[in-house]
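So the sequence shown is residues 1 to 538, counted in UniProt numbering. Just so you know, even glycine gets a beta-carbon here, dropped at the ideal spot from N, CA and C. Note that the structure is a prediction, hence the values are computed from the model and not measured.
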Amino acid sequence: MDKWWEKAIIYEIYMPSYYDSNGDGIGDFKGLTEKLDYLKELGINALWITPFYKSPKVDNGYDIEDFYSIDSDYGTLEDFKIFVDEVHKRGIKLIIDMILNHTSNKHPWFIESKVSLENSKRDWYIWKNGFNNLPPNNWESFFGGSAWEYDSKTKQYYYHAFSKEQVDLNWSNPKVKDAMFDVIKFWLDLGVDGLRLDVINFLKVNNEFKNNPIDKDGKQIHQYDKDQEGILNIIEEINNLTKKYGDIFLLGEVGSEDLGTLMSYVGENLLDAVFNFNLGSILEFDPERIYEELKKMYCNYNNKIFTLFFGNHDISRFISRFSNGYYDEEKAKLVATLILTAKGIPFIYYGEEIGMRDYYPQSVNDIRDIQAKIKYYDTLREGKSEQDALKIANKVNRDKARTPMQWNNNLNCGFSSGKPWIKITEKYRHINVEEQRRDEKSIFNYYKKIISLRNGNLVFQIGECTDLILINDIISFQRNLNNEKYLILLNFSDKLSNYFFPELKKAEFVLSSIRDKIVLDEKIELLPFEAVIVKLPY
Ligand code: TEU
Ligand code: CA
């Protein structure tokens, strides 16, 4: 009990897009360090940064060439150490991305592995013979196409769950495990506080390499390429090796929307938390869906810790996802209130605090995301036009939510003095930090308020969440701890909605996402998409 992450508000930073200190158009550690006071002002208390290791960046660093060095685009090991120091000086915790499942095809291990069937690194990866000029089985890559790539020199196929430049390590080989555990120790020795374990449930694959089943719509069910026997033992060992470093937060990315599967990875000797994609993957602004997902979490798994997020670097920004052209800002504040007052660990994806929108490349040359590039060329190969291919590729394009942080109205939105590595979002005059700081009613200033409310009241961090109800499009719940009780009301409707509750009469107004003050009575009339927090008599 009493682990730091139970009380934390975590802010995710997409490494290349936060702040560029040297004008090469790519965010870096020196830039990040410069922005720590901003993050302190916002009030977050933990940071998760995406991969920064030496990488050809086919998948923006999720393809690692050297686990022990910093990519020169991001700086040096010295810059990293200074960054860690400065983070800690401000009382902030640091979580780094750890990619144990695969390496870049440029990693020296793989270069050796490819040399011959007898090479000492051959069984560090997953090599198989094909059948009749076909891959070993039907497994599909998560980025599209077969998960097997033929190597003409040694006449075998190697396995890659993602792009062919991201080669899966063979975790059945104890040498791989030892080597990767050394990597973990190296970074923990440098003082990081937590690990975000990328696709951690993918490490083991079925050892008979059975074909995956196909559902009735012809879609592959990923049954044998993840969640396989032995994976929990590996996680237990990881947990064990982190013990001597104190309270290291193990946060797993388990690519599953099935809550039962997700939660089976969380436990005393396993992971501390996993990402609950059941919320993050909600596409419509639908109170029923959101309510059902919250209920499932709280009713069935109340003894576990949840994560609360609607955005990350792999999905569309929720403000764009949920937009129909009206009330965008109100909706953003409503979602912020939900994430920051419900029970669980809230995650803020950079730019959410100012309401940054999605971006859609207008030409294939502007696409940066590997998944979108694969989709584009696959679609062309199917005979579709370039225009259609772009449209289809943009659907899965993760560039959407990866554009530079919008600091101000100056050149390149204050992100860089040089040409950014990815285009910036169309300039919305008010969607930048500087403007919003000045505007008392901005999304930014609302985030600051609600974050400080959470940080200042233990009840929002660890209090029980009870009385979750959906009525008149209003999701409501209570948080309580010791002698304190709060009621949170979230109106998911574009209309006025009434909420009756006798105790309201004796309640104390705390915060509204729209109004400065509300006089409370037995009935409260919520404005469209308004969030209201009151303190109930105990
Ligand atoms: O994502 C894993 C994952 O499940 C994604 O591939 C997801 O299915 C996809 O992005 C949806 O469009 C992690 C990282 O978060 C992602 O950025 C990496 O590309 C991936 O692992 C491979 O390392
Ligand atoms: Ca730079």
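Alpha carbon to alpha carbon, what distance is there between residue j and residue i?
i      : j      : result
Pro174 : Glu208 : 18 Å
His102 : Phe202 : 10 Å
Phe186 : Lys506 : 56 Å
Asn269 : Gly246 : 14 Å
Asn394 : Leu468 : 37 Å
Lys295 : Phe309 : 16 Å
Ile348 : Glu12  : 6 Å
Ile248 : Ile70  : 22 Å
Asp2   : His430 : 40 Å
Asn206 : Leu259 : 22 Å
Val266 : Ala273 : 6 Å
Leu496 : Glu292 : 23 Å
Ile221 : Phe83  : 42 Å
Identify whether residue i lies in helix, strand or coil by the three-state DSSP scheme.
i           : result
His430      : coil
Ile44       : coil
Ile49       : strand
Met405      : coil
residue 541 : This structure does not reach residue 541, given that the chain is present from 1 up to 538, and the question cannot be answered.
Thr103      : strand
Trp187      : helix
Leu390      : helix
Lys333      : helix
Tyr159      : strand
Val167      : strand
Trp5        : helix
Trp109      : helix
Tyr11       : strand
Leu203      : coil
Ser17       : helix
Val519      : coil
Asn498      : strand
Glu284      : coil
Gly260      : helix
State the start and end residues of the unbroken alpha helix (DSSP H) segment that holds residue i.
i      : result
Asp378 : 370-381
Trp148 : Taken as a continuous stretch (DSSP letters only), Trp148 belongs to no alpha helix (DSSP H), being part of the beta strand (DSSP E) at 148-151.
Ser452 : 443-456
Glu288 : 287-300
Asn240 : 231-242
Gly280 : 277-280
Phe322 : Looking at the DSSP string, Phe322 is not in any alpha helix (DSSP H), and its letter there is neither H nor E.
Please list the terminal residues of the continuous beta strand (DSSP E) segment that includes residue i.
i      : result
Phe67  : 66-70
Lys81  : Per DSSP, Lys81 belongs to no beta strand (DSSP E); it is in the alpha helix (DSSP H), 77-89.
Gln509 : The question names Gln, yet the displayed sequence has Phe at residue 509. Start and end: 508-512.
Asn480 : 474-481
Glu464 : 464-471
Glu525 : 523-526
Glu484 : 484-491
Tyr29  : Reading off the sequence, residue 29 comes out as Phe, not Tyr. That residue, Phe29, is in no beta strand (DSSP E); its alpha helix (DSSP H) goes 29-34.
Classify residue i as buried or exposed, calling it buried when 16 or more other Cβ atoms lie within 10 Å of its own Cβ.
i      : result
Pro16  : buried
Phe492 : buried
Ile214 : exposed
Pro404 : buried
Asn397 : buried
Asn312 : buried
Ser55  : buried
Val433 : buried
Arg479 : buried
Asn483 : exposed
Phe500 : exposed
Pro420 : buried
Thr466 : exposed
Glu165 : buried
Phe131 : exposed
Pro108 : exposed
Going by beta carbon distance, what residues of the same chain come within less than 8 Å of residue i, once the five residues before and after it are set aside?
i      : result
Ile518 : Phe509, Ser512, Ile524, Val532
Leu481 : Leu458, Val459, Ile462, Gly463, Glu464
Tyr326 : Asp494
Gly344 : Asn276, Met297, Ile305, Phe306, Thr307, Leu308
Ile451 : Ile9, Leu42, Gly43, Ile44, Leu340
Leaving aside the five residues before and after residue i along the sequence, list all residues of the same chain whose C-beta is less than 6 Å from its C-beta, in chain order.
i      : result
Thr341 : Phe460, Ile488
Gly418 : Gly23, Asp24, Gly25
Leu39  : none
Given residue i, which residues of its chain have a CB within under 7 Å of its CB, disregarding the five upstream and five downstream residues?
i      : result
Pro287 : Leu470, Asp473, Ile475, Phe492
Met98  : Ile184, Leu195, Arg196, Leu197, Asp198
Asp193 : Lys93, Leu94, Ile95, Ile248, Phe249
Phe110 : Thr103, Tyr125, Val167
Phe67  : Tyr53, Val183
Flag residue i as yes if its beta-carbon sits less than 9 Å from any beta-carbon of chain B, otherwise no.
i      : result
Trp187 : Here chain B cannot be found, since the structure has a single protein chain.
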